[in-house]
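In the working numbering, the protein residues as written are 376 to 1280.
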């Protein structure tokens, strides 16, 4: 019996059926180990040693593989046929060797491009060794991504609060999006006019011809720049006589596109199906791994991570037969079409994405697939079959026409296309959308019969005004296309890169367009100012070429790392000398159109409109960047730095104070403003000005003078409490609308309750709050578990609250991680959660006078916490030593891991 290792359980199940009882197929569930998300996982000072970690789930998978191998005759590594697949096989083998389970058992590596019985059995008959240069390329890429992410991200945290991470490919992709946004902001629209004539032939057929020359000059695109010129030319054509100079019909052949690669599949699926890149890959993975089609599980497409455009010889033969059967013999070209790959590295240039069987037409498998699967399979099948079909034959007709008016002449041209034979267009038509090629159909329209030297009758002259438009924002499809053109990243990484940008809130997707958020533009501006080389397109592409050379066996991977690290580390060290003022000056300059958009009145956009003398500048706060006045604290004007689908000027204009009227009692101006924490209303100016944030559900557009007055009148007296005689009031606070009595608060549902609640209901709400106890968790709630005593005294328990179970010690409440069983919480777990909660400012230790004698010593607690140095300790905020005497070592442990929140690319 042989053990076969693949990535996914779906593949394992299918392949096991193909191989029979002599094989046991097990899934690794992807990578079995990875670099821990902490400092020291890659050690440049130790010749780039890499410290790998096996998580608990992977350990279970490896145990299954290890147990099976003990009684097996040999090991077959059958992971995916790409760099990642090669790396998974290498990791599995390395772990098994360290466990001394291989011995003299034969080990082989097999790859198959499709999960069909023939492909799998052919691969088993042709084993090979692990491709070490390909593994080296994986190691180099993994180390580079780690070194960039885990060294550059902490620089961002220190110098640019609110930024979350940077990455080798991620940051360059973000720069593309931000650069396009800057192009749009700098764009100046220009006026131009198009002129055309609607003409009629002697046979009564109408067609349109465009003006291409006049007054002895050839007109280029947008040559007619104003209405006066357009009017003069229109007048010339209005009174002109029209004669056909020549008619030329030219046959044109149009060839099909090659079958899909990863990137072209993602582009087409975005354009035609509206799929995101990640959705495309998810659906393609299912089609590749296998679908049950009437009792037989079979892979419907070949491997979908590829930059190759060629198909196997047997697939080409099958496609040509299917073309004859489905479309007819005329659609089969005399010779098979061969496409050359653009991949720089032949070892990674696998077969294109195609159906595993061209006779399995979409209609035959439709009932076995869900809606997304059939749409994507249909796209792949049509593109694959079209790639081997005959060329489309198109007749392109061009008619040159002269218009003459009193000795003045103008030239017009009419162009039309007629498809004489549709060829591959019968199966697949390219679509002009999201930057793809234009339609393969009748793109110029069809012309009627036009003969040379015949006269034409003028029906109408059309003169239309246009304005040039800025370049469009990138969609996922066009960004992927651009990245591929520049050689940035690789097809298998594109979907993950785009998801990272979205997850980090660096970009937002609106109507399928990628719009950079303010924090994304700040990160890009910072990197361009202080790490310019590492976000250069050419530098990133050249590094990709070196990785390709490593996988081809032409470069040593550690030599590449040494060259990179020397300069990169020096750049990181230089940033330690950066002062915040240096950063702000650079960002103010780089992001001027975003930070200081032009004002309609032409005034200086950097002068504060509130005080009139201060200069506006970027400021860095706990929650990121904002715009503030240099006269702070005398002038406390602030504005959020935001980018949205509106242009920068509109966004900024809405942020400036908007007058709503005057307070009838104080005669002070009431304004609507936008600050660091959102919109608010303000009465008067200066430090003593009264302010109120807008409550939930109230938008700036809905605020008028009456609503502003109501907000600024809070708190509102409701009446005296019947028992205490003390006043009950209502107001709007940090946590929403509330009522207050004798220092005790109770929340109410809506802001309308604040203005309308009566005395009786207010008393009832306060009584309900008192019955629930402090924090609303329920005064009578019994502990779910008694854990023990805190080293500083006081019992630690697990309780159940409104928002789930939590650890309680004195006044400190720490919510349990999602999925954590309250009964499994240990003292070590509890101490860590309490320490982290205190570090974040949640509660404080009880006073010494009130504590009971601790049953657990500090040393014991510290030791227990040390042993529980888990992933939870990796949060940077836990690094701060709590002010309480919570276990010092527990609080200190995360300090050494302060960079663990940095994300890899």
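Virtual Cβ for every residue (Gly too), placed ideally from N, Cα, C.
Being a predicted model, the structure only gives us computed values, none of them experimental.
Item: Cβ-based neighbour list, residue 360, same chain, cut-off 7 Å, excluding 5 preceding and 5 following; Value: Summary: the structure shown does not reach residue 360, with the chain confined to residues 376 through 1280, and so no result is reported for it.
Item: Cross-strand partners of residue 672 (DSSP beta bridge); Value: 667
Item: Extent of the continuous alpha helix (DSSP H) run through residue 1128; Value: 1126-1131
Item: Residues that residue 1067 bridges to, as DSSP identifies them; Value: 1056
Item: DSSP state of residue 857 mapped onto helix, strand, coil; Value: helix
Item: At least three beta-carbon pairs within less than 8 Å, the segment 690-703 to the segment 740-753; Value: no
Item: Boundaries of the beta strand (DSSP E) in which residue 1112 is found, first to last residue; Value: 1111-1116
Item: Whole-angstrom distance between residue 1066 and residue 1044, CA atom to CA atom; Value: 12 Å
Item: Candidates 654, 1102, 577 and 414, of which the one nearest residue 748 by Cα; Value: 654
Item: In DSSP terms, what residue 841 is bridged to; Value: 567
Item: Proximal residues to residue 611 (C-beta, below 8 Å), its chain only, five neighbours per side dropped; Value: 589, 778, 780, 783 and 785
Item: Contact under 9 Å by Cβ, residue 570 with residue 837; Value: yes
Item: Beta-bridge pairing of residue 932 - partner residues as DSSP gives them; Value: The partner list for residue 932 (beta bridge, DSSP) is empty, contrary to what the question assumes.
Item: Whole-angstrom distance between residue 1132 and residue 1096, CA atom to CA atom; Value: 14 Å
Item: According to DSSP, residues forming a beta bridge with residue 1004; Value: 991
Item: Best match in 771, 1004, 770 and 731 for proximity to residue 760 [C-alpha to C-alpha]; Value: 731
Item: Whole-angstrom distance between residue 408 and residue 1211, CA atom to CA atom; Value: 28 Å
Item: Per DSSP, cross-strand counterpart(s) of residue 592; Value: 589
Item: Proximity of residue 728 and residue 832 at Cβ, strictly below 9 Å; Value: no
Item: Straight-line gap, residue 683 to residue 762 (C-alpha atoms, nearest Å); Value: 14 Å
Item: Cβ-based neighbour list, residue 389, same chain, cut-off 8 Å, excluding 5 preceding and 5 following; Value: 490, 664, 665, 672, 673 and 674
Item: Burial state of residue 513, where buried means 16 or more other Cβ atoms lie within 10 Å; Value: buried
Item: Cβ-based burial, residue 767 [other Cβ within 10 Å; buried from 16]; Value: buried
Item: Sufficient close CB pairs (3 or more, under 8 Å) joining the segment 442-450 to the segment 382-396; Value: no
Item: Straight-line gap, residue 935 to residue 520 (C-alpha atoms, nearest Å); Value: 13 Å
Item: For residue 947 and residue 538, the rounded distance between their alpha carbons; Value: 17 Å
Item: Which residues DSSP lists as bridging residue 1171, in chain order; Value: 1163 and 1184
Item: DSSP-derived helix/strand/coil call for residue 789; Value: strand
Item: Those residues which DSSP pairs with residue 621 across a bridge; Value: 775
Item: Selected residue, minimal CA-CA separation from residue 523, among 377, 1144, 971 and 940; Value: 940
Item: Simplified DSSP state of residue 438, which is helix, strand or coil; Value: helix
Item: Residue 755 (DSSP reduced to helix, strand or coil); Value: helix
Item: Test item: CB-CB of residue 557 and residue 910 under 9 Å; Value: no
Item: As assigned by DSSP and simplified to three states, the class of residue 377; Value: strand
Item: Straight-line Cα distance separating residue 952 from residue 457; Value: 43 Å
Item: Residue 1046 burial status per 10 Å Cβ neighbour count (16 or more: buried); Value: buried
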